[in-house]
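Worksheet: the structure to be examined is printed underneath.
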Amino acid sequence: MSVKVLIATDKPFAAEAVTGIREVVEQAGFELVLLEKYTEKKQLLDAVANVDAAIIRSDIFDKEVLDAARDLKIVVRAGAGYDNIDLDAATANGICVMNTPGQNANAVAELALGMAVYAVRNFYNGTSGSELGGKKIGIHAYGNVGRNVARIAKGFNMEVYAYDPFFPAEALEKEGVKAVGSAEELYSACQFVSLHIPATAETKNSINYSLLSKMPKKAVLINTARKEVIDEAEMVKFMEERTDFKYVTDIMPSNHAEMTEKFAGRYFSTPKKMGAQTAEANINAGIAAAKQIVDFIKNGNEKFRVNK
Ligand code: 3PG
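Put into structure tokens, the structure is as follows:
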């Protein structure tokens, strides 16, 4: 029986990416199974029941899904954040979890700067706005996306700052980025802050009233990371007080209706997370995921494993 590789994507890859994934899978002698735009969890539960490997995006692989996936040996999140996968349940079921770090980073970074321009040009409403050039941008977590934001921001002639407790200050300075020692320092120094922290127990609700209050006049917060890192109630309180502040996000908050009603002209959310929604990012991340699956099944390579 051939090895079955499932692509389970609620938000589908570009067609070219699926073609590329199919080529990698079939060249290895494996079989591709496709589940796109599913609307019921039941469809996912049925699809995972007899596959050996899965490629997913932000699709939820909780304990119920992982328990239903009786033959599953590996699931690869074609992207960076794997907060959508229950790692403990995967480990308990002997399933290897991987991500594809860096593969969609340029796409997300381009959108972050695009959203910054959109904010300072008053959401393209025809009125006089301002420019990014000469301003300070703070990168909150300097991973693959953060580094790409720094590269592009330098092209806008911005002064780039970063806070990342896991990234050595000397290495940041070598890249022409000013390292600061705390989030408070970053938010105090920069008119623009671009968020790139993962959603973890420690980061959840960490972008709160107290931190936002440090930001200078006409501040803009750009979120292409996760909605969970924002304390939504405190964001409302802050925006009510600070009428100079703008929030642009690629991850629709739970209180989107309230934000839209209260902060017209200062708040924008994409309708669906689209940072990594480019043909290039889909091809890079999707094909990397397929290659990692083939290498894991044929050679046992666990290089990008993220669970124990
Ligand atoms: C990621 O973690 O890689 C990004 O948030 C992109 O997510 P997506 O593949 O669901 O668009």
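By my numbering, the letter at position 172 of the sequence shown is numbered 175, and the numbering carries on one by one without gaps.
Cβ atoms here follow ideal geometry from the backbone N, Cα and C, with glycine treated the same way.
Everything numeric in this text was worked out from a predicted model, so none of it was measured.
Going by DSSP, name the residue or residues bridged to residue i.
| i | result |
| --- | --- |
| residue 162 | 139 |
| residue 250 | 224 and 270 |
| residue 308 | 101 |
| residue 64 | 88 |
| residue 80 | 59 and 102 |
| residue 182 | 165 |
| residue 8 | 35 and 56 |
| residue 233 | 210 |
Given this structure, state the Cα-to-Cα distance separating residue i from residue j, to the nearest angstrom.
| i | j | result |
| --- | --- | --- |
| residue 224 | residue 249 | 6 Å |
| residue 4 | residue 237 | 55 Å |
| residue 113 | residue 66 | 34 Å |
| residue 168 | residue 188 | 13 Å |
| residue 143 | residue 231 | 15 Å |
| residue 99 | residue 126 | 43 Å |
| residue 44 | residue 29 | 27 Å |
| residue 137 | residue 163 | 10 Å |
| residue 128 | residue 255 | 21 Å |
| residue 195 | residue 185 | 16 Å |
| residue 173 | residue 183 | 11 Å |
| residue 24 | residue 42 | 23 Å |
| residue 181 | residue 165 | 6 Å |
| residue 234 | residue 217 | 15 Å |
| residue 64 | residue 87 | 6 Å |
| residue 299 | residue 269 | 47 Å |
| residue 171 | residue 71 | 42 Å |
| residue 60 | residue 130 | 38 Å |
| residue 310 | residue 94 | 7 Å |
| residue 132 | residue 212 | 26 Å |
What distance in whole Å lies between the Cβ atoms of residue j and residue i, which are believed to be in contact at a cut-off of 8 Å?
| i | j | result |
| --- | --- | --- |
| residue 215 | residue 159 | Incorrect: roughly 23 Å between the Cβ atoms, too far for contact. |
| residue 288 | residue 103 | 5 Å |
| residue 192 | residue 141 | 6 Å |
| residue 161 | residue 253 | Not quite, the Cβ-Cβ distance comes to about 19 Å (not below 8 Å), so this is no contact. |
| residue 69 | residue 89 | 6 Å |
| residue 92 | residue 50 | So it is not a contact: roughly 18 Å between Cβ atoms. |
| residue 83 | residue 286 | Not confirmed; about 16 Å, so no contact. |
| residue 135 | residue 111 | Between residue 111 and residue 135 the Cβ distance is about 17 Å, and since that is not below 8 Å, they are no contact. |
| residue 27 | residue 210 | Incorrect: roughly 38 Å between the Cβ atoms, too far for contact. |
Would you verify that the beta carbon of residue i is, or is not, closer than 8 Å to some beta carbon of chain C?
| i | result |
| --- | --- |
| residue 15 | Within the model displayed, chain C is absent; a lone protein chain is all it includes. |
So is the beta-carbon of residue i under 7 Å away from any non-hydrogen atom of the ligand PLP?
| i | result |
| --- | --- |
| residue 109 | This structure simply doesn't include the ligand PLP; it includes the ligand 3PG instead. |
Between the segment 189-206 and the segment 147-159, are three or more C-beta pairs nearer than 8 Å?
-> Yes, the segment 189-206 touches the segment 147-159.
contact_flag[the segment 270-278, the segment 26-36] where n(CB pairs < 8 Å) is 3 or more | Per the Cβ contact rule, the segment 270-278 is not in contact with the segment 26-36 (fewer than 3 Cβ pairs under 8 Å).
Ranges of the alpha helix (DSSP H) found wholly within the segment 185-224, counting only runs of at least 4 = Counting only runs of 4 or more, we get 186-192 and 212-215.
Three CB pairs or more closer than 8 Å across the segment 51-60 and the segment 78-90 = The answer is yes - the segment 78-90 touches the segment 51-60, with three or more Cβ pairs under 8 Å.
For the segment 86-132, list the beta strand (DSSP E) runs that are entirely contained and at least 3 residues long, ordered along the chain.
-> Inside the segment 86-132, DSSP marks whole beta strand (DSSP E) runs of 3 or more residues at positions 99-102, from first to last along the chain.
Which residue spans inside the segment 10-61 form an unbroken beta strand (DSSP E) run of at least 3?
-> Complete beta strand (DSSP E) runs here, min 3: 34-39 and 56-59.
Ignoring anything shorter than 4 residues or poking outside the segment 274-304, list the alpha helix (DSSP H) runs there in chain order.
-> Qualifying alpha helix (DSSP H) stretches, in chain order: 282-302.
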